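Protein chains in written order, with this note's numbering: chain Y, 1 to 366; chain V, 1001 to 1274.
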């Protein structure tokens, strides 16, 4: 084994190396954390669909999402779906955005009018809503300071809080449940439902059932739960892609600036060493490798630190703010890794040029 | 002694047109194995340029440098570095040790560059440093070593690959008289016991004691030392034909390196004996 020259040079000025690693970690953390936040939003966005117990979701024709979407179906649609072979249960729901208020405090929710009061979602506290009652997502209940038994307002009506559910809120929105009949009355939309949640019989394949529903009931779009959730995620994806791209670019630019500055100043301070090594017979290519290895190691250490930090954030943030969930996906880690690689290449360019121009004869200059 | 180095019509120019400078010109020189050659001369005389070309660090403008049968002036950029690693050992005035490495690693890295690695390189580095009396400083950072210790580490690095030729640039300049003498002794030992040819560029007159030959480089050319005279005021060796001033006194000609020395001479003569 040879003398670990790159490592020795890198660690010789520990303060500078640590500053470089920290700066690069901060830049990559920006990329990782933002991706994780949006991934967390996506997860929470489909939490209701994922846990609703529905195998197929029937919506107005052309509609395959809930978020930022309106779907209107005749109430009889549920009856028509229920008799299709393979359907175990067809449950109509009303789904509208609403503002829930308690005193001065307000929160935006998707208000779901459901005859079952949100079943089969497990209840975290209290009970499912009866007439004149509402079941809130726990983080919203805490934010509104609306404990079970207190009253909140929606659409100008007062509701008594009957219970709480968990794990359905994101930083974008929350959900609340009332009886469908109650919401119908409040909205004055008798005879209209938003979606029909369909549970398939045990042996029935969901895509087949969805196709059968579309073939049997005119004017509807029937999607399996997975397809519906994917579409839902795409809605947020479309809304956030530009933001994520912008932040990746910002992270990249900051990373390049930090890594470039650190690498360049480190290289400048080592030019004499490079000249000596070249004089001793080190090939130019190996001298360049030495310079790039130091930059690469700094960026790699920054990347690892950024990963540790984002995982720490993912563990800690939900405790501080339950709606802020960070979901770290392999694809986003790969994106950060690509950004790190690009940072290394760009940041290494200038130092490499300097090292390439090192004149070994300069060792004799004083 | 057999000839190790043969230099023929060596020249190096810098710049073009009016700014063209002939740093070294028309140098012919042979160096024998085990010979110690001291190159002296005024600042700007071309000593460093000569040493850089001899060490394969600077391209020649014209001429040939044959070392052990290889004309290094004709070697390509890819061939020069490994040739340097195998053939030369460099000793610098400022030691030029790598501060990020320990004393042992500074020696080891030269071996690594020449293709030796692992235990063999480590053992060789330790053996050399022990031989040079710095065994108790193997793992010390360079900045914690004294000037004499640094120079011994630099010498160990220079001889690590058993080079045929050691090129030393002012090797005693940053050392006190004791360590300077120690360095001179080591260089002498290398040449006489190992058969290494040593070329020293220096202003240090003490190095004459160990040199087999002293060459005087001035204006890019070697001059015969016998033809040079000493400035009676500052003691510098100068070419009387090119001296800026000279004075005839008592049927004797005095040559000076500058008008200042001449004026001082005239002011003090004959009260001060030259």
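Every residue, glycine too, gets a C-beta built ideally from N, C-alpha and C. Bear in mind the structure is a predicted one, so any value in this text is a computation, not a measurement.
* In this structure, what does DSSP give as the bridge partners for residue 126(Y)? -> 163(Y)
* **Interface flag, residue 1169(V) vs chain Y, CB-CB below 8 angstroms** => yes
* Asked: Under a three-way DSSP split, which group does residue 1019(V) fall into?
  -> In the three-state reduction of the DSSP assignment, residue 1019(V) falls in the helix class, which pools H, G and I.
* Would you kindly check if the distance between the Cβ of residue 340(Y) and the Cβ of residue 295(Y) is under 8 angstroms? => no
* To do: Look at the alpha carbon of residue 195(Y) and the alpha carbon of residue 28(Y), and state the distance between them as a whole number of angstroms.
  => 41 angstroms
* Asked: Does residue 1124(V) get closer than 8 angstroms to chain Y when you measure Cβ to Cβ?
  -> So no, residue 1124(V) is outside the interface.
* Answer yes or no: does any C-beta atom of chain V fall closer than 8 angstroms to that of residue 273(Y)? => yes
* To do: Report yes or no: is there a C-beta of chain V within less than 8 angstroms of the C-beta of residue 2(Y)?
  => Interface annotation, residue 2(Y): in contact with chain V, CB-CB separation under 8 angstroms.
* **Paired residues, beta bridge with residue 227(Y) - DSSP** => BP columns for residue 227(Y) are empty, so no partner.
* Asked: To which residues of the same chain is residue 290(Y) closer than 7 angstroms at the C-beta, ignoring the five residues directly before and after it?
  -> 5 and 6
* Using the C-alpha atoms, what's the distance from residue 239(Y) back to residue 54(Y)? -> 26 angstroms
* To do: With 7 angstroms as the limit, tell me which residues of the segment 221-243 of chain Y have their beta carbon closer than that to any beta carbon of chain V; keep them in chain order.
  => none
* To do: Could you pull out every residue in the same chain whose Cβ sits closer than 6 angstroms to the Cβ of residue 1191(V), ignoring the five residues on either side in sequence?
  => 1034, 1036 and 1198
* Asked: Closest Cβ-Cβ distance between residue 331(Y) and chain V: below 8 angstroms?
  -> No, its Cβ sits nowhere closer than 8 angstroms to a Cβ of chain V.
* Asked: Along the segment 1036-1064 of chain V, what residues have a CB closer than 8 angstroms to any CB found in chain Y?
  -> 1048, 1051, 1052, 1055, 1057 and 1058
* **For residue 1203(V) and residue 1245(V), the rounded distance between their alpha carbons** => 23 angstroms
* Please check if any C-beta of chain Y sits within less than 8 angstroms of the C-beta of residue 1081(V). => The beta carbon of residue 1081(V) falls within 8 angstroms of a beta carbon belonging to chain Y, placing the residue at that interface.
* **Under 7 angstroms by beta carbon: chain V residues contacting residue 282(Y)** => 1081 and 1113
* residue 1200(V) touches chain Y at which residues, Cβ-Cβ below 7 angstroms? -> In chain order: nothing, as chain Y lies at least about 13 angstroms away.
* **the segment 88-103 of chain Y in contact with the segment 65-79 of chain Y per 3-pair CB rule at 8 angstroms** => yes
* Give me the Cα-Cα distance between residue 47(Y) and residue 40(Y), rounded to the nearest whole angstrom. => So the alpha carbons of these two residues sit roughly 11 angstroms apart.
* Is it a yes or a no for the segment 1068-1077 of chain V touching the segment 1242-1261 of chain V, going by three-plus beta-carbon pairs under 8 angstroms? -> no
* Give me the Cα-Cα distance between residue 236(Y) and residue 243(Y), rounded to the nearest whole angstrom. => The alpha-carbon atoms of residue 236(Y) and residue 243(Y) are separated by roughly 11 angstroms.
* residue 95(Y) lies in the beta strand (DSSP E); which residues open and close that run? -> 87-102
* **Cα-Cα separation, residue 161(Y) to residue 78(Y)** => 28 angstroms
* Do residue 1235(V) and residue 1182(V) have their CB atoms nearer than 8 angstroms? -> no
* To do: Could you spell out where the alpha helix (DSSP H) holding residue 1085(V) opens and where it closes?
  => 1080-1087
* Chain-ordered neighbours of residue 1109(V) on chain Y, where CB pairs are closer than 7 angstroms -> 3 and 5
* Asked: Okay, do the segment 1150-1168 of chain V and the segment 1100-1117 of chain V touch, 3+ Cβ pairs below 8 angstroms being the bar?
  -> Touching, yes, given that three or more Cβ pairs across the two stretches are closer than 8 angstroms.
* For residue 335(Y), the residue or residues it bridges with in DSSP -> Note: residue 335(Y) sits in no beta bridge, so no partner.
* Asked: Does the ligand MN have a heavy atom nearer than 7 angstroms to the CB of residue 1170(V)?
  -> Of the ligands one can find in the structure shown there are none, so the ligand MN has no counterpart to examine.
* Would you check if the segment 299-312 of chain Y and the segment 14-29 of chain Y touch, i.e. whether three or more CB-CB distances between them fall below 8 angstroms? => Yes: at least three Cβ pairs fall under 8 angstroms.
* Just mark residue 245(Y) as buried or exposed, buried being the case when its beta carbon has 16 or more other beta carbons within 10 Å. => exposed
* To do: Please list the partners that residue 361(Y) has in chain V, where partner means a Cβ-to-Cβ separation under 7 angstroms.
  => 1052, 1057 and 1058
* Helix, strand or coil: which one does DSSP assign to residue 106(Y)? -> strand
* In the DSSP assignment, find the beta strand (DSSP E) that holds residue 1167(V) and state where it starts and stops. => 1165-1169
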